[in-house]
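A quick write-up on the structure given underneath.
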Amino acid sequence: MNFTEAVRVAQEQYPKKVTKPIKYGTAGFRSRADALDFIMYRMGLLAGLRARDTSSVIGVMITASHNPVPDNGVKLVDPMGEMLAPAWEVHATTLVNATDEGIASALEGIVSEAHIDTSKKALVFVGRDTRPSSNRLCDAVIAGVTAVGGEFKDFGIVSTPILHYVVTCYNDGGKYGEATVQGYYQKISRAFNKLRSSGTSNGNYDPVILYDGANGVGALAMSEFLNNMKKSLNVTIFNKGEGVLNHLCGADYVKVQQKWPEGVPKTQNVRCVSVDGDADRVIYSYLDSDGKFYMLDGDKIATLVAGYLQELVKGLQLKLGLVQTAYANGASTAYITEKLGVPVACAKTGVKHLHHMALEFNIGVYFEANGHGTVIFSKTAREAIETAAQAKNNSAEKLSQVLDVINETVGDAISDMLLVETVLHARGWSVSDWNDAYTDLPNRQMKVTVADRAVITTTDAERVCVTPEGLQNTINKIVKAFLKGRSFVRPSGTEDIVRIYAEASTQEEADNLAIQVACAVYEHAGGIGDRPKAPC
Ligand code: G16
Numbered sequence: 015m016n017f018t019e020a021v022r023v024a025q026e027q028y029p030k031k032v033t034k035p036i037k038y039g040t041a042g043f044r045s046r047a048d049a050l051d052f053i054m055y056r057m058g059l060l061a062g063l064r065a066r067d068t069s070s071v072i073g074v075m076i077t078a079s080h081n082p083v084p085d086n087g088v089k090l091v092d093p094m095g096e097m098l099a100p101a102w103e104v105h106a107t108t109l110v111n112a113t114d115e116g117i118a119s120a121l122e123g124i125v126s127e128a129h130i131d132t133s134k135k136a137l138v139f140v141g142r143d144t145r146p147s148s149n150r151l152c153d154a155v156i157a158g159v160t161a162v163g164g165e166f167k168d169f170g171i172v173s174t175p176i177l178h179y180v181v182t183c184y185n186d187g188g189k190y191g192e193a194t195v196q197g198y199y200q201k202i203s204r205a206f207n208k209l210r211s212s213g214t215s216n217g218n219y220d221p222v223i224l225y226d227g228a229n230g231v232g233a234l235a236m237s238e239f240l241n242n243m244k245k246s247l248n249v250t251i252f253n254k255g256e257g258v259l260n261h262l263c264g265a266d267y268v269k270v271q272q273k274w275p276e277g278v279p280k281t282q283n284v285r286c287v288s289v290d291g292d293a294d295r296v297i298y299s300y301l302d303s304d305g306k307f308y309m310l311d312g313d314k315i316a317t318l319v320a321g322y323l324q325e326l327v328k329g330l331q332l333k334l335g336l337v338q339t340a341y342a343n344g345a346s347t348a349y350i351t352e353k354l355g356v357p358v359a360c361a362k363t364g365v366k367h368l369h370h371m372a373l374e375f376n377i378g379v380y381f382e383a384n385g386h387g388t389v390i391f392s393k394t395a396r397e398a399i400e401t402a403a404q405a406k407n408n409s410a411e412k413l414s415q416v417l418d419v420i421n422e423t424v425g426d427a428i429s430d431m432l433l434v435e436t437v438l439h440a441r442g443w444s445v446s447d448w449n450d451a452y453t454d455l456p457n458r459q460m461k462v463t464v465a466d467r468a469v470i471t472t473t474d475a476e477r478v479c480v481t482p483e484g485l486q487n488t489i490n491k492i493v494k495a496f497l498k499g500r501s502f503v504r505p506s507g508t509e510d511i512v513r514i515y516a517e518a519s520t521q522e523e524a525d526n527l528a529i530q531v532a533c534a535v536y537e538h539a540g541g542i543g544d545r546p547k548a549p550c
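Mapping of the sequence shown onto our numbering: position 502 corresponds to residue 516, and the numbering continues sequentially without gaps.
Next up, the structure:
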């Protein structure tokens, strides 16, 4: 194939104006939207090649998820809903770092290395979030796909999990479900309605939910879902788009700031479900009768789900495990290993790493503390569950219904919410019953801006900092002074900052530890602006 057209369109419509090296991050490329046009165009080119390479449909999602509105980004979806294969992350980085004229040789290099038959057809599914820049960037992706002779199907504004779902369904010939947006809503709502056919109330369980849509696509997705669902949940949607996306609301705000989302009435003892800007993460929270705020994050969801599934698979000889990251609260890991006896593995941040590790179990539950995760079932597990269900094993019958509520293709805020609601309902638990299962160690997250975040490198699933030299020793010394202290630092792969995590025996200590470690980062790694003073 001749890539002259790809170069021409790049030079005329999507010229590259930066020379700074750009790296594929935690979830694709992400930066300020006005610097992304050439990257989006090139990801369209890449998706066209990847589709030929795999003889499958590839997905391109335009979103910066939890980031603020001026940012945007791109996530590439591989044939079975996975994140882009690691070898292709390298190709993506090469292509983005090429000059406009260099695009041709970069593409030729990929074709030759991956042995791609360029005469094959290429089909790319494209979706986008609600950001004002997403439409323009979508055009750039489509221009890229077209410039390498590919075809596209534009799904318009959809959540990230919906795009993963339709890509998977299309590629497996509809076995997982119908490859349409409506097919997605119908599949999970039908499964949920079935699970609720026995009634809506049970014990302390109350089906009332305050839903925080983060002013993004998650609000649209929930209202569409409610249209498909019977009245087994009483959901009121807030932050539907009247405010600014992710601003003072949404899953990331609630998790990091540990605060009730703005725009949602402060109703006591009613659970609030917050999703992020592309609806792939979910965080629960509630206010008790004294108005005290409690948050139930990805760790609480993971332990709730893993505990429930473990009961259901008893006797089926299946290995169930949980995958967490360094951000997992120490109390959650202790609870799940010591109390529930479920094995836990620790992966690097990024669902792509967790997903991969979860494949080692027959049933792999994976969740990041930030609320991003799902459950995946191996072929062996599916067959064992189906056989036992056909033999009228009650637990297996229930499990096979639960399976259909789960979006195994990727973390999915709405499907995860329905899974949580299923477990709470089955247990007859209120949100505070759920919260009482174990008590989180107080923790704090902070961000520090440095001149070049790449100077921070880590090892041991990001729990140990390798460079700059001396930083880890300083962190060790600081941590030693805190009861139950733990802290680590890592460069973000989605924002131009370094993240700091700290936990300790009290909130004051956790805050203090986070500030001291943030100052160490500031000093060792070339901090910019004011020295960190207060948790932010
Ligand atoms: C993305 C990834 C998540 C990751 C998060 C933060 O989420 O998919 O796995 O935890 O970024 O990553 P980092 O700490 O490297 O900035 P999302 O929801 O923003 O796409």
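Even for Gly, the Cβ is constructed at its ideal location relative to N, Cα and C. The model shown is predicted, which means the values in this text are computed figures rather than measured ones.
Checklist entry - Rounded to the nearest angstrom, how far is the Cβ of E422 from that of T388, given a contact under 8 Å? => result Within the sequence shown, the letter at position 408 stands for residue 422. Within the sequence shown, the letter at position 374 stands for residue 388. Correct: roughly 6 Å between the Cβ atoms.
Item to check | Segment limits, beta strand (DSSP E) that includes M309 | outcome: As a working mapping, residue 309 is identified with position 295 in the sequence shown. M309 -> beta strand (DSSP E) spans 307 to 310.
Next on the checklist: In whole angstroms, give me the CA-to-CA distance for I350 and V358.
Outcome noted: Sequence index remark: in the sequence shown, residue 350 carries index 336 (1-based). Sequence index remark: in the sequence shown, residue 358 carries index 344 (1-based). Their backbone Cα atoms lie some 8 Å apart in a straight line.
Checklist entry - Does the beta-carbon distance from G158 to L59 come in below 9 Å? => result Position 144 of the sequence shown, counting from 1, holds the residue named residue 158. Position 45 of the sequence shown, counting from 1, holds the residue named residue 59. Cβ atoms of G158 and L59: closer than 9 Å.
Next on the checklist: With a threshold of 8 Å (Cβ to nearest heavy atom), would V531 be considered close to the ligand G16?
Outcome noted: To locate residue 531, count along the sequence shown from 1; it is residue 517. Not under cutoff, so the answer is no.
Next on the checklist: Since T481 and I470 should fall inside the 8 Å C-beta cutoff, what is the C-beta to C-beta distance between them, to a whole number of angstroms?
Outcome noted: Position 467 of the sequence shown, counting from 1, holds the residue named residue 481. Position 456 of the sequence shown, counting from 1, holds the residue named residue 470. At roughly 7 Å, the Cβ-Cβ gap stays under 8 Å, so T481 and I470 are in contact.
Checklist entry - Can you pull the DSSP bridge partners for Y349? => result Counting from one through the sequence shown, the residue named residue 349 turns up at place 335. Answer is none; Y349 lacks a bridge partner.
Checklist entry - Which residues mark the beginning and the end of the alpha helix (DSSP H) in which R56 is found? => result As a position in the sequence shown, residue 56 is number 42, starting the count at 1. Counting along the chain, the alpha helix (DSSP H) containing R56 begins and ends at 51 to 68.
Item to check | Spatial distance of G261 from A118 (CA atoms) | outcome: Taking the sequence shown and counting its residues from 1, the one referred to as residue 261 is at position 247. Taking the sequence shown and counting its residues from 1, the one referred to as residue 118 is at position 104. The amino acid at residue 261 is misidentified as Gly; the sequence shows His. Distance between the alpha carbons of H261 and A118: 41 Å.
Checklist entry - To the nearest angstrom, how far is it from the Cα of F294 to the Cα of V32? => result Along the sequence shown, read from residue 1 onward, the residue named residue 294 stands at position 280. Along the sequence shown, read from residue 1 onward, the residue named residue 32 stands at position 18. A small fix is needed here, since residue 294 is Asp in this sequence, not Phe. Cα to Cα, D294 sits roughly 31 Å from V32.
Next on the checklist: Suppose contacts are defined by Cβ-Cβ distances below 9 Å. Is T347 in contact with E476 by that definition?
Outcome noted: Position 333 of the sequence shown holds residue 347. Position 462 of the sequence shown holds residue 476. Their beta carbons are not under 9 Å apart, which means T347 does not touch E476 by this criterion.
Checklist entry - Does the distance from the CB of V287 to the CB of D226 come in under 9 Å? => result Taking the first residue of the sequence shown as position 1, residue 287 is located at position 273. Taking the first residue of the sequence shown as position 1, residue 226 is located at position 212. Their beta carbons are under 9 Å apart, which means V287 touches D226 by this criterion.
Checklist entry - With distances taken from CA atoms, which of D114, L417, K406 is nearest S392? => result Counted from its first residue, the sequence shown places residue 392 at position 378. The candidate whose alpha carbon is nearest that of S392 is L417.
Next on the checklist: Suppose you measure from the CA of T3 to the CA of A20; what does that come to, to the nearest Å?
Outcome noted: This structure leaves residue 3 out entirely; the chain is present only between 15 and 550.
Checklist entry - Which one or two residues does DSSP pair with V493 in a beta bridge? => result Walking along the sequence shown from the start, residue 493 turns up at place 479. Looking at the DSSP assignment, V493 forms no beta bridge with any residue, so it has no partner.
Checklist entry - Do G264 and A228 have their CB atoms nearer than 9 Å? => result Position 250 of the sequence shown, counted from the start, is the residue given in the question as residue 264. Position 214 of the sequence shown, counted from the start, is the residue given in the question as residue 228. Their beta carbons are under 9 Å apart, which means G264 touches A228 by this criterion.
Next on the checklist: For the structure I just gave you, are there three or more beta carbon pairs, one from the segment 149 to 164 and one from the segment 49 to 58, closer than 8 Å?
Outcome noted: yes
Checklist entry - Which of the three DSSP states, helix, strand or coil, is assigned to D92? => result Within the sequence shown, residue 92 is the residue found at index 78, counting from 1. Looking at D92 - three-state DSSP - the assignment turns out to be coil, as it is neither helix nor strand.
Checklist entry - Going straight from the alpha carbon of S212 to that of S446, what length do you get? => result As a position in the sequence shown, residue 212 is number 198, starting the count at 1. As a position in the sequence shown, residue 446 is number 432, starting the count at 1. Their Cα atoms are separated by approximately 23 Å.
Next on the checklist: Taking the alpha-carbon of R124 as reference, which of G141, H105, V74 has the nearest alpha-carbon?
Outcome noted: Within the sequence shown, residue 124 is the residue found at index 110, counting from 1. Checking the sequence, you will find Ile at residue 124 rather than Arg. Nearest option by C-alpha distance: H105.
Checklist entry - Per DSSP, which one or two residues make a beta bridge with C360? => result Numbered from 1 along the sequence shown, position 346 holds the residue referred to as residue 360. Answer is Q338.
Checklist entry - Any heavy atom of the ligand G16 closer than 8 Å to the CB of H386? => result Position 372 of the sequence shown, counting from 1, holds the residue named residue 386. Yes, the ligand G16 has a heavy atom inside 8 Å of this Cβ.
Checklist entry - Which one of A41, R210, Y219, K167 has the shortest CA to CA distance from T551? => result The requested residue 551 does not occur in the structure, where the chain is confined to residues 15 to 550.
Checklist entry - Going by the CB atoms, is the gap between Q324 and L373 shorter than 9 Å? => result Taking the sequence shown and counting its residues from 1, one reaches residue 373 at position 359. Taking the sequence shown and counting its residues from 1, one reaches residue 324 at position 310. No, the Cβ-Cβ distance between L373 and Q324 is not below 9 Å.
Checklist entry - In angstroms, rounded to a whole number, what distance separates the CA positions of Y198 and C183? => result Numbered from 1 along the sequence shown, position 184 holds the residue referred to as residue 198. Numbered from 1 along the sequence shown, position 169 holds the residue referred to as residue 183. Between Y198 and C183, the C-alpha separation is close to 9 Å.
Checklist entry - Which ranges does the beta strand (DSSP E) cover as unbroken runs of at least 3 residues, wholly within the segment 164 to 239, from first to last along the chain? => result 165 to 171, 222 to 226
Checklist entry - Quick one: is the Cβ of H178 within less than 8 Å of any heavy atom of the ligand G16? => result What you label residue 178 is simply residue 164 of the sequence shown in a count that begins at 1. No, the beta carbon of H178 sits no closer than 8 Å to any heavy atom of the ligand G16.
Checklist entry - Grouping DSSP H, G and I as helix and E and B as strand, with all else coil, what is N449? => result Taking the sequence shown and counting its residues from 1, the one referred to as residue 449 is at position 435. The answer is helix: DSSP assigns N449 an H, G or I state.
Item to check | Distance between L301 and S444 (C-alpha atoms, nearest Å) | outcome: Here residue 444 refers to the residue found at position 430 when the sequence shown is read from its first residue. Here residue 301 refers to the residue found at position 287 when the sequence shown is read from its first residue. If you take the alpha carbons of S444 and L301, they lie about 13 Å apart.
Checklist entry - So, is Q196 buried or exposed, given that buried needs 16 or more other C-beta atoms within 10 angstroms? => result In the sequence shown, counting from the first residue as 1, residue 196 sits at position 182. Classification of Q196: exposed, given that the 10 Å Cβ count is below 16.
Item to check | Reference Y452; option with closest CA among C479, L318, T40 | outcome: Residue numbering aside, residue 452 sits at position 438 when the sequence shown is read from its first letter. If we check each option's Cα against that of Y452, L318 comes out closest.
Item to check | C-beta atoms of N86 and R44 nearer than 9 Å | outcome: The residue labelled residue 86 in the question sits at position 72 within the sequence shown. The residue labelled residue 44 in the question sits at position 30 within the sequence shown. Yes, they are a contact pair.
Item to check | Three-state secondary structure (DSSP) of V480 | outcome: The count along the sequence shown starts at 1 and reaches residue 480 at position 466. In this structure, V480 counts as strand in the three-state DSSP scheme.
Next on the checklist: Can you tell me where the beta strand (DSSP E) holding I514 begins and where it ends?
Outcome noted: By 1-based counting over the sequence shown, the position of residue 514 is 500. 512 to 517 is the span of the beta strand (DSSP E), which, as asked, contains I514.
Checklist entry - By the 10 Å Cβ neighbour count, where 16 or more other Cβ atoms means buried, how is G42 classified, buried or exposed? => result Position 28 of the sequence shown, counted from the first residue, corresponds to residue 42. Burial call: buried.
Item to check | For R145 and V83, believed in contact at Cβ under 8 Å, the rounded distance | outcome: Locating residue 83 in the sequence shown gives position 69, where the first residue counts as 1. Locating residue 145 in the sequence shown gives position 131, where the first residue counts as 1. The pair is a contact, with the Cβ atoms about 6 Å apart (cut-off 8 Å).
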